[in-house]
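Numbered per this note's numbering, the sequence shown spans residues 21 to 163. For reference, the structure is listed below as structure tokens.
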Amino acid sequence: MPTAATPWWRRWSEPIVVVTVIVSLVAALAAGAVAEFSSVKADVQASEARIHEDIRTSEAKLHEEIQASEARLHEEVQASEARLTERIQATETRIQASEARLHEEIQASEARVNKRIDEVAIEIRTVNDKLDRLLETLLATKS
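Written out as structure tokens, the structure reads:
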């Protein structure tokens with residue numbers, strides 16, 4: 021026990037004072053550590069919430085971009101189909117025109133050939149008639 025004659029500054033070295041000071045310092049350090057841990061925990065939770073929000077935002081943005089890409093692709097496919105249909109119809113029209121023209125040319129060619137056949141048949145009959153008369157003349161002169 022301290023005596024009344026012990027100066028105040030010597031009382032700092034007494035075990036109860038030293039233990040009280042150390043316990044107070046440890047308690048203050050522990051409270052500071054707990055406060056820092058709570059602060060770090062809050063920062064981590066806030067970062068986690070921001071990251072989750074960023075992920076949701078990115079997912080929504082990506083979903084919108086995918087839908088826009090699908091819509092553009094669908095429009096491009098429809099435009100390509102329309103162009104292809106037009107080309108097919110134009111080709112079919114050209115083919116039909118070519119078929120009609122060829123049909124007309126074939127009919128004209130057949131008409132020319134038939135006319136030439138008729139002319140040759142007339143010439144053959146004419147030659148036959150002449151040969152018949154010549155033969156009759158020869159037979160008449162021989163008899």
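Ideal Cβ placement from N, Cα and C applies to all residues, glycine included. Keep in mind it's a predicted model, so treat the numbers as computed, not measured.
With DSSP collapsed to three states, give me the class of residue i.
i: Thr26; result: coil
i: Glu34; result: coil
i: Ser89; result: helix
i: Ser163; result: coil
When the distance is taken between beta carbons, is residue j closer than 8 Å to residue i?
i: Arg31; j: Val37; result: yes
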